[in-house]
Amino acid sequence: MSAVLMPALAGATPWEPNNNVQLPDDAHTSQKVELVDIDADGWVDIVFANSKGEGLINGGQATAEFSQLLHNDQGTGFTELGGVFEEEHNSWVIKVGDIDEDGDADLVVGDSFNGSMSHVLINEGNNTFTREDIVGSANATIGDLELGDVDGDGDLDILAADWGPLPHGQIDDPGNPLRLWLNDGNGTFSDGSAKLAMGMEVLAAWSFDLELVDINNDYALDIMVSTRGDADPAVVMLNDGEGNFSNHPVPALQPMNTKNINVAFTPMDFDGEGSLDVLTLQDGGLSQCVGDPPVCARRNSVLINDGAGGFTIPMNYWATQFNPGKNDFDAATLDFNNDGKPDFVVLGTSINNGVNARLLINDGAKFGPPALPMMDVAFPADPSLSRTTSLMFADFNHDRREDMAVAQRDANLDNSVLFGKADMADGVPEDVTPPRIYDDNFGEKLGTLLFFGKDAGLDARVNDYKTPIHWHDFQFDTALDTYNLIGDGAALTAHNRRLPYMEMALSLEDPEDIKSLADGDPKKYIAPSIWFGEGLWTVNFKVPYNQMAEDTLTWQYCAIDAAGNKTCLGPFSVKVEIDPNDCGDGEVQEWETCDSDSPTCVACNETCGNGTCDDNETPETCPEDCGPCDNDEACEPPENAENCPDDCDYDGVCGDGTCQNPPENEQNCPDDCGPCDNDGACEPPENATNCPNDCNYEGYCGDDICQKPNENETNCPDDCLPDPTDGGVCGNGVCDSNESLELCPEDCAVCGDEMCTEPYESVKTCPVDCGGNTISDGECPDTAGGVDGQCQLDDDGCGCVAEPQDGTRGLWASLLLFGVFGVRRFRKRA
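Yeah, the sequence shown ends on 830 if you go by the working numbering, and it's all consecutive.
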C-alpha cells in the first residue's frame with residue numbers, strides 16, 4: 001500500500017491525504033486519471049492510464065506498462081483488479097462510456113508508441129471484459145481521445161489526437177491528422193476521417209488534450225484540440241449536426257508571440273450566460289524560465305464564449321496576480337462554495353517544489369482565491385505530490401464532500417486520493433447545491449401538441465458544475481428498474497444511476513400535482529436521458545396513452561446529484577391527441593382495435609364483436625356476429641349439428657374431400673365440389689378456364705376415348721377400363737356392351753322387346769310384354785268397382801294400359817310411344 005505520510009497542514013489546504021486510505025502502486029508512470037463506478041455498486045473506482053514513453057524515439061516495450069483499475073472498497077481503501085489490462089502497453093488516455101449500448105460502463109484505451117492497437121474493453125459484468133481492437137489504430141500514436149455521438153445516430157464515437165512520428169513539438173513537427181472512428185452500435189468502429197476537415201486544418205501537433213463540446217449551442221458536438229507544437233495553433237472545428245466538421249478559426253487561440261503552446265482545455269459556463277467558456281492552460285504568455293535545464297512557466301487563459309462559438313479573453317476575469325506562470329497540465333471544475341457558480345482546481349508539475357495546485361473561486365465575473373488565507377493552495381505543496389498532471393473530482397467516501405484523485409507522471413511518486421476536509425472553517429463544504437439544467441426556453445422543447453404513441457423528446461445540457469461529466473455525478477438508485485420507465489433510456493439502467501430524466505403524467509387536474517407524485521406512482525412515467533457527450537443529454541420516448549381521444553401531458557425535467565440534491569424545470573403542459581393519420585399506417589396503435597387493412601375494420605375500429613352482423617362482415621370474417629350458422633346447406637366448421645342443424649343434417653362436413661351432393665355443391669362447398677379436383681382428368685363441368693391443370697389436353701373424361709397419359713382407369717374409368725367389363729356396371733341403368741339380358745336383366749330388360757323379364761317386368765310395369773291389354777281383356781273390371789274397359793290410374797292388375805280420367809295418355813303408353821326405353825351401346829377405344 002502506498003501512503004503519503006505527511007502531517008496535515010492545519011488550516012492550510014482543503015484536500016489532504018488520508019494515510020489510512022491510499023492507493024496500491026507498483027511504481028507506474030501515470031499520464032491521466034479516469035473515474036468510473038465499474039461494477040455499479042455506488043462507489044466510484046479509479047482508472048490510471050500508464051506509460052513512460054514521452055519523448056522516447058522508439059518507444060515500444062521498453063516504455064510499456066500495465067494500466068490500472070482500482071476498485072473502491074466502500075471508502076475504506078482501493079484494490080487493484082487484476083486481469084483487466086491483459087498486456088503492458090503505452091496508454092496516455094483511458095476514457096469511460098457505454099460503447100455497446102447495454103447500460104454499463106466500458107473502457108476505451110488509447111495506445112501510443114509501441115504500434116499496438118487502441119481498443120475497447122467491453123464490460124461483461126463481474127469484472128470481466130472482452131477486448132475489441134479499433135481497426136486502423138495500429139500506426140496511431142494516441143495522445144488523447146474523447147467519446148461522444150458526433151453523427152447523431154445514438155452511439156458513442158471516438159475522436160483521437162494522433163501525435164504521428166517523433167520528435168514531438170519541435171519547430172518542424174507538422175503534427176498528424178485527427179482520427180475519427182464511428183461506432184456501429186455494438187462496440188466496433190469504422191474510419192470516419194472523411195467527415196473531418198481536410199488538409200492542414202485537421203493537423204494537430206503533440207496534443208495532450210482534446211474536447212468534444214458544443215460551443216455554439218446547437219446540441220452538436222464540436223471539436224477543440226490543444227497543441228504543444230512550437231508553431232501550431234489549437235484546432236477548432238464546428239459540427240453541422242450530422243458529424244461533418246469544418247474549420248472554425250478562433251483568434252483568441254491563434255499564435256501571438258509565445259502564445260502558441262496550449263496544453264489542455266477545461267470547458268464550463270463560467271459567466272452563467274448559458275454557453276461554454278474554456279480554461280486553456282499554458283497559453284497565457286511566457287512568464288519565466290527557471291532551473292537547469294530551464295523550465296519555462298506559462299500563464300493560463302480563460303476564453304469567454306459569445307454564444308455562437310466566438311471567444312474573447314477578458315484580461316480582468318483572471319487577474320495576473322492570481323494567474324502566475326506555472327507548469328500547469330490540468331484543471332477540473334466543481335461548485336466549491338455552493339453558490340451555483342463553477343470554481344476550479346488547476347495543477348501541474350511544481351517548479352522548485354513550489355505550490356503546484358491552486359483553488360480558484362468564481363463569482364461569475366472574475367476568478368480569485370478563497371476568502372480564507374492559504375486555502376488557495378488546494379493540497380499540500382509536498383515533494384511527494386510534485387508531479388501531478390491529471391485530476392478528477394468525486395465523493396469517494398460518501399460524506400457529501402468532493403474528493404480528488406490525482407495522477408503523477410513519475411514512477412518514483414505515487415498516485416493519490418486526496419479527501420475533502422470536513423472542517424467547517426477551512427475544509428470542503430458539503431454539497432448542498434443541485435445540478436444545473438440550462439433553461440433557455442426549456443418549456444418550448446416539446447412544442448404545444450403531441451400525438452399519442454408518437455416519438456417525442458428533447459436535448460438538454462445538465463451538469464453538476466463539474467468537468468468532465470460522469471454518470472456517477474448523479475444519484476445512485478437501485479430501485480430505478482421498479483419505476484414506470486419509458487423511452488430509449490429505460491433499458492439502459494445497469495449503471496444504477498438516476499441520470500437526468502423527464503417525468504410526466506396524463507390527466508392531472510393541476511400541473512403542480514406532478515411534484516407530489518411518488519416515483520413509484522403508476523400514473524407517473526419516467527424517461528431517463530442518455531449521455532451523448534460533454535454535458536449533453538437526450539431523452540426520447542413514445543407519448544403514453546390514457547384511454548382518451550385527447551388529453552393533457554404534464555411534464556418536468558429533473559436531475560438529482562450524487563449527494564441527493566434535486567432540481568426540476570417545470571411543470572409544463574402540452575396537449576395530446578390521436579394523430580388522424582394513424583389509421584391505415586399498417587400498425588395497430590394502443591387506441592385502435594384494428595387497422596384499415598381488415599374488412600371488419602372501419603376507421604380503425606373493429607366492428608366484429610359489436611353484436612350486429614354488419615354489411616362488411618360475413619360468417620367467415622366475423623363468426624362472432626354472423627355465425628357460425630349461415631344456412632347455406634353445407635356443414636362448414638365451426639358449424640355442427642347442435643349450432644347449425646339445418647346445414648349439418650347429413651353425414652360428413654364441408655372440407656372432408658368428398659362432395660356429398662346433395663346438399664353440397666360447387667357454390668356452398670367449393671373445397672369438396674370443385675369444379676376442379678386436380679385429379680388429371682377433365683371431367684365436366686371442368687374446362688380449360690376453371691381447371692387448367694386437369695383440362696390441358698384434347699378431349700374430356702366421358703368422350704369414350706381414353707386419352708393417356710392424362711386419363712387412366714382411376715381418374716376416368718368410363719373411358720379407360722378395358723374389356724370385357726369395358727366400364728359397364730350392372731345396375732347403372734345402361735345395358736353396356738359387356739352385359740346381356742341373361743347377365744344383367746336389371747339393365748337389359750327393355751319394355752317392348754316382347755319378352756317379359758321377371759321380376760324386372762310385370763303386367764303392371766310392362767303389360768305389352770307381360771300379357772296385359774291396351775284397352776280391355778273383357779274378363780274383369782279394370783278398376784275396383786269400375787266397368788270393364790274403363791281403366792283408371794290406379795289399375796287393378798287386370799292387364800290394361802291405364803288411361804287417366806282426364807283423358808291424357810297413360811304413363812306407359814307415353815313411354816312406349818316415344819321410345820324412351822332402348823338399349824344404350826358404347827364403343828370404347830383403349
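From the three backbone atoms N, C-alpha and C, an ideal C-beta is built for every residue, glycine too. Computed from a predicted structure; not experimentally measured.
Please go through the same chain and pick out, in chain order, the residues whose beta-carbon is closer than 7 Å to the beta-carbon of residue i, but skip the five residues on each side of it.
| i | result |
| --- | --- |
| Tyr465 | Thr333, Leu334, Asp335, Pro342 and Arg436 |
| Gly520 | Thr482 and Tyr483 |
| Leu480 | Thr493, Asn496 and Arg498 |
| Gly535 | Arg461, Val462, Asn463 and Ile469 |
| Ala308 | Asn216 |
| Glu211 | Glu146, Met224, Phe265 and Pro267 |
Measuring alpha carbon to alpha carbon, tell me which of the options ends up nearest residue i.
| i | options | result |
| --- | --- | --- |
| Pro17 | Asp106, Asn690, Pro294 and Phe396 | Phe396 |
| Phe85 | Gly97, Asp73 and Val108 | Val108 |
| Met315 | Phe367, Asp306, Leu360 and Pro165 | Phe367 |
| Ser203 | Glu211, Met224, Pro177 and Ser226 | Checking the displayed sequence, the identity of residue 203 turns out to be Leu instead of Ser. Closest by alpha carbon: Pro177. |
| Asp382 | Asp753, Ala12, Lys454 and Asn362 | Ala12 |
| Glu80 | Val47, Asp104 and Val96 | Val47 |
| Trp471 | Leu159, Leu413, Ala394 and Asp510 | Ala394 |
| Ser516 | Asp172, Gly533, Thr554 and Ser416 | Thr554 |
| Asp561 | Cys648, Gly42, Leu212 and Pro373 | Gly42 |
| Arg401 | Met200, Ser384 and Lys421 | Lys421 |
| Ala559 | Leu385, Asn356, Asp153 and Tyr438 | Tyr438 |
| Thr130 | His28, Phe208, Gly187 and Tyr650 | Gly187 |
| Phe189 | Asp769, Met117, Glu512 and Asp26 | Met117 |
| Met392 | Ala371, Gly354, Val346 and His398 | Val346 |
| Asp488 | Leu449, Asn616 and Ile526 | Ile526 |
Thinking C-beta only, is residue j closer than 8 Å to residue i?
| i | j | result |
| --- | --- | --- |
| Tyr700 | Pro685 | no |
| Gly702 | Asp719 | yes |
| Asn496 | Thr478 | yes |
| Cys756 | Cys748 | no |
| Phe864 | Thr389 | One cannot answer for residue 864 here, as it falls past the ends of the chain, which runs 1 to 830. |
| Asp144 | Trp92 | yes |
| Asp625 | Gly609 | yes |
| Pro544 | Gln556 | no |
| Asp579 | Phe474 | no |
| Phe78 | Pro24 | yes |
| Asn123 | Asp106 | yes |
| Thr567 | Pro468 | no |
| Ala490 | Asp102 | no |
| Glu664 | Cys654 | yes |
| Gly272 | Asn323 | no |
| Glu742 | Cys730 | no |
| Phe419 | Trp15 | yes |
| Ile486 | Phe532 | no |
| Glu146 | Lys195 | no |
| Thr266 | Ala331 | yes |
| Val417 | Ala407 | no |
| Leu279 | Val302 | yes |
| Leu121 | Asp157 | no |
Got a sec? Which residues, its chain only, sit under 8 Å from residue i by beta carbon, not counting five neighbours each side?
| i | result |
| --- | --- |
| Phe583 | For clarity, residue 583 is Cys in the given sequence; the question names Phe instead. Closer than 8 Å at Cβ, skipping near neighbours: Glu592, Asp595, Ser596, Ala603 and Cys604. |
| Asp694 | Cys676, Asp677, Asn678, Asp679, Gly680, Ala681, Cys682, Glu683, Glu686 and Asn710 |
| Ser814 | At Ser814 the pLDDT is 34, less than 50, meaning the model places this residue with poor confidence; the figure from the coordinates comes in the next sentence. None. |
| Ile656 | Correcting the residue identity first, residue 656 is Asp in this sequence and not Ile. Result list for Asp656: Asp672, in chain order. |
For residue i, I'd like the list of residues in its chain whose CB is within less than 6 Å of its CB, leaving aside the five on either flank, ordered along the chain.
| i | result |
| --- | --- |
| Ser246 | Ala197 and Leu238 |
| Ala64 | Glu88, His89, Asn90 and Asn114 |
| Leu281 | Val263, Ala264, Asn300 and Asp328 |
| Asp459 | Tyr219 and Thr538 |
| Cys669 | Ala634 and Cys654 |
| Lys52 | Thr29 and Thr63 |
When you compare the CB of residue i with every CB in chain D, is at least one pair closer than 8 Å?
| i | result |
| --- | --- |
| Trp531 | Protein chains in the displayed structure number just one, and chain D is not present. |
Please indicate yes or no: does the CB of residue i lie closer than 7 Å to some heavy atom of the ligand GTP?
| i | result |
| --- | --- |
| Ser118 | Of ligands this structure carries none, so the ligand GTP is not represented either. |
_Restricting to runs no shorter than 3 residues, where is the beta strand (DSSP E) found entirely within the region 168 to 246?_
Whole beta strand (DSSP E) segments, 3+ residues: 179 to 183, 189 to 191, 210 to 213, 222 to 225 and 235 to 239.
*Taking three-plus beta-carbon pairs below 8 Å as touching, is the region 63 to 70 in contact with the region 423 to 432?*
Flag = no, the region 63 to 70 and the region 423 to 432 do not touch.
*Which runs of the beta strand (DSSP E) spanning at least 3 residues fall entirely within the region 121 to 167, listed in chain order?*
Look at the region 121 to 167 and you find these whole runs of beta strand (DSSP E), each 3 residues long or longer: 128 to 133, 142 to 148 and 157 to 162.
*Are at least three pairs of beta-carbons, each pair with one atom in the region 367 to 377 and one in the region 499 to 509, less than 8 Å apart?*
No: fewer than three Cβ pairs fall under 8 Å.
*Give a yes or no on contact between the region 129 to 141 and the region 559 to 576, applying the rule of three or more CB pairs nearer than 8 Å.*
Contact fails: fewer than three Cβ-Cβ distances are below 8 Å.
_Quick check for students: name the residue ranges of the beta strand (DSSP E) that lie wholly in the region 406 to 465, counting only runs of 3 or more._
If only complete runs of 3 or more residues are kept, the region 406 to 465 shows the beta strand (DSSP E) at 416 to 420, 449 to 451 and 455 to 463, in order along the chain.
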